[in-house]
Ligand code: SF4
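Structural data, given as structure tokens:
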């Protein structure tokens, strides 16, 4: 059951992190207008099941007045509210309070702060840490998101298979830790030197419940993302509540194959041939899924969108 709407309030970001799913950067375009936020909130209400709304990006603090008003409207409509930020303007706790307090007053229930080496290098006394302390002083519910550079870990097995890399089950094969998911820019920037698995082994989607999504991401272009860059449809053409009510995962051209047999089945459905540099396989399911989708962009217009999420400038 769909319970959450996550607004990609803007694709623009002050950073361009290597692990970003969405290729966000200072050059990325696509920011909601206030009218679009209002329309989306109305439609979310119509579903009868959505209870929470998140604002993220990109960096939503870049559009501070829009963010404050969007949170106020969401709260007034009866949703619980949250946001994700890298907290870049938190030069000191007093400065952090300058933007945290209006957000709290507008009705922000939950604040999630990205604090990791992709954003702030090895500097632990960074704006994210400062904002976290200031938010706690204001008694805001907080958490921090920490994604690290990929590291290769060898799982402990009582009897390792003779040739772990060839094991179809993946048992005994090295595991890539650190928390990054290899889609978006991460699939292009972070996979070098990491162990790979054969395409045929990547038979399930690890992160998204495509059969019955509990949340979707929406962007200013109207795309309703099941996973970043996979659209259910366009909410500026078909109202969001109707799109959700009429979503049929089995007949969706990307979700359908993924549900049947993961990225391997999607590759077969879209007649995908791996690039030469990927002849040794893929780091994980998302790496293959992203590669297949990027190669098929022209085959599924309106579904594999927007191009920017695939590292290609929007027309
Ligand atoms: S396998 Fe594809 S749909 Fe599933 S989480 Fe990874 S990128 Fe998203």
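Numbering (this note's numbering), first residue to last: 28 to 342.
Even for Gly, the Cβ is constructed at its ideal location relative to N, Cα and C.
At the level of alpha carbons, what is the spacing between residue i and residue j?
| i | j | result |
| --- | --- | --- |
| residue 324 | residue 281 | 12 Å |
| residue 277 | residue 284 | 8 Å |
| residue 297 | residue 86 | 34 Å |
| residue 159 | residue 140 | 7 Å |
| residue 315 | residue 230 | 10 Å |
| residue 114 | residue 261 | 31 Å |
| residue 57 | residue 38 | 6 Å |
| residue 216 | residue 328 | 25 Å |
| residue 338 | residue 318 | 12 Å |
| residue 92 | residue 272 | 32 Å |
| residue 242 | residue 258 | 13 Å |
| residue 169 | residue 214 | 29 Å |
| residue 42 | residue 119 | 20 Å |
| residue 295 | residue 322 | 13 Å |
| residue 251 | residue 74 | 14 Å |
| residue 279 | residue 293 | 11 Å |
| residue 29 | residue 77 | 6 Å |
| residue 335 | residue 341 | 5 Å |
| residue 275 | residue 70 | 19 Å |
| residue 89 | residue 151 | 23 Å |
| residue 31 | residue 100 | 16 Å |
| residue 263 | residue 249 | 5 Å |
| residue 19 | residue 228 | As shown, the chain starts at 28 and ends at 342. That puts residue 19 outside it, with no answer to give. |
| residue 236 | residue 165 | 35 Å |
| residue 126 | residue 94 | 11 Å |
| residue 98 | residue 167 | 14 Å |
| residue 66 | residue 79 | 16 Å |
| residue 192 | residue 224 | Because residue 192 carries a pLDDT of 45, less than 50, the predicted location of this residue cannot be relied on, and no value is offered for it. |
| residue 102 | residue 48 | 28 Å |
| residue 330 | residue 72 | 24 Å |
Do the CB positions of residue i and residue j come within less than 9 Å of each other?
| i | j | result |
| --- | --- | --- |
| residue 143 | residue 172 | yes |
| residue 40 | residue 109 | no |
| residue 162 | residue 138 | yes |
| residue 244 | residue 46 | no |
| residue 104 | residue 61 | no |
| residue 332 | residue 256 | yes |
| residue 312 | residue 288 | no |
| residue 210 | residue 254 | yes |
| residue 226 | residue 116 | no |
| residue 240 | residue 179 | no |
| residue 36 | residue 64 | yes |
| residue 59 | residue 246 | yes |
| residue 286 | residue 238 | yes |
| residue 154 | residue 123 | yes |
Using 8 Å as the cut-off, classify the Cβ of residue i as near or not near the heavy atoms of ligand 1, replying yes or no.
| i | result |
| --- | --- |
| residue 257 | yes |
| residue 324 | no |
| residue 248 | no |
| residue 333 | no |
| residue 317 | yes |
| residue 61 | no |
| residue 217 | no |
| residue 234 | yes |
| residue 210 | yes |
| residue 228 | no |
| residue 237 | yes |
| residue 96 | no |
| residue 253 | yes |
| residue 47 | no |
| residue 173 | no |
| residue 285 | yes |
| residue 273 | no |
| residue 40 | no |
| residue 180 | no |
| residue 313 | yes |
Should residue i be counted as a contact of ligand 2 given a C-beta to heavy atom distance under 8 Å?
| i | result |
| --- | --- |
| residue 289 | What this structure holds is ligand 1, not ligand 2. |
Using 9 Å as the limit for Cβ to Cβ distance, is residue i near chain D?
| i | result |
| --- | --- |
| residue 258 | No chain D is part of this structure, which consists of one protein chain only. |
Taking three-plus beta-carbon pairs below 8 Å as touching, is the stretch 264-272 in contact with the stretch 304-312?
-> no
Just checking, does the stretch 64-84 make contact with the stretch 97-111 on the three C-beta pairs under 8 Å criterion?
-> yes
Just checking, does the stretch 118-130 make contact with the stretch 49-69 on the three C-beta pairs under 8 Å criterion?
-> no
Runs of beta strand (DSSP E) wholly within the stretch 209-259 (minimum 3 residues, chain order) | 242-245 and 250-254
Every unbroken beta strand (DSSP E) inside the stretch 252-337 [3 residues or more] | 257-261
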